[in-house]
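Quick note on numbering that gives the first Met the number 0: the sequence shown kicks off at 0 and runs consecutively.
As structure tokens, the structure follows; a few thoughts come after it.
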Amino acid sequence: MLKHITTSRLIYAAVSLAIALLIVWGATQAAPPIPKLFAQQDKLEHFLAFGALTLWITAFFGPRHIGLSSALAVLAGIGLELVQAFLIPTRSGSLMDLLASIAGVVACAAFVMICRSLIRSRRVSASA
0 MLKHITTSRL
10 IYAAVSLAIA
20 LLIVWGATQA
30 APPIPKLFAQ
40 QDKLEHFLAF
50 GALTLWITAF
60 FGPRHIGLSS
70 ALAVLAGIGL
80 ELVQAFLIPT
90 RSGSLMDLLA
100 SIAGVVACAA
110 FVMICRSLIR
120 SRRVSASA
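If you want it as structure tokens, here you go:
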């Protein structure tokens with residue numbers, strides 16, 4: 000396993016960790032750190048944050064492991080909502096926030112699978 004750890008993978012891991020820490024930091028603040036510009040903005044933030052997290056985890060593990068990357072991101076979303084619900088008195092867990100997070104994970108996974116499919120089809124047509 001360690002022989003597959005390259006400098007680029009270490010960078011992907013570091014960025015994934017930084018995104019995860021940024022998500023945790025934002026979710027554990029007494030008041031959300033981003034000014035609210037429109038209704039349901041927090042759902043868009045969840046969608047984008049967990050989509051980005053999934054993308055960077057996938058960059059670390061590789062696109063073949065999109066299932067693992069997606070599962071880790073979903074577990075992070077569930078954990079985050081549980082922490083908000085039970086450990087942070089000024090915040091509350093939300094099923095709708097969790098669904099927005101999962102939607103971001105699913106959208107990213109679909110994007111990765113479509114890109115892999117396009118790359119594969121180009122390789123097949125180029126070799127034919």
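No residue lacks a Cβ here, since even glycine has one placed at the ideal position from N, Cα and C.
Spatially closest choice to residue i from the options, by CA coordinates
i, options, result
"Ala99", "Ile56, Gly50, Thr5, Met112", "Gly50"
"Gly61", "Cys114, Leu79, Trp24, Ala106", "Cys114"
"Ala106", "Arg122, Ser124, Val123, Val73", "Val73"
Contacting residues, own chain, Cβ-Cβ under 7 Å from residue i (five flanking each side not counted)
i, result
"Phe59", "Arg8, Tyr11, Ala12, Ser15"
"Gln83", "Ala26, Arg90, Ser91, Gly92"
"Ala108", "Thr53, Ile65, Ser69"
"Ile101", "Val73, Gly76"
"Leu21", "none"
Pairwise C-alpha distance: residue j and residue i
i, j, result
"Phe37", "Ser126", "50 Å"
"Pro88", "Leu81", "12 Å"
"His3", "Pro34", "42 Å"
"Ile77", "Ile118", "32 Å"
"Leu71", "Ser120", "28 Å"
"Gln39", "Met95", "10 Å"
"Glu131", "Ser116", "Because the chain in this structure spans residues 0 to 127, residue 131 falls outside the shown range and cannot be described."
C-beta atoms of residue i and residue j nearer than 8 Å
i, j, result
"Ala75", "Leu52", "yes"
"Leu86", "Val23", "no"
"Asp41", "Pro32", "no"
Proximal residues to residue i (C-beta, below 6 Å), its chain only, five neighbours per side dropped
i, result
"Gly103", "Phe46, Phe49, Gly50"
"Thr57", "Ile65, Ser68, Val111"
"Arg63", "none"
"Leu97", "Gly76, Glu80"
Same chain only: Cβ atoms within 8 Å of residue i, ignoring 5 sequence neighbours per side
i, result
"Ile18", "Ala48, Ala51, Leu52, Trp55"
Alpha helix (DSSP H) runs contained entirely in the stretch 43-113, provided each spans 4 or more residues: 65-85
Unbroken stretches of the beta strand (DSSP E), 3 residues or longer, contained in the stretch 1-32: none
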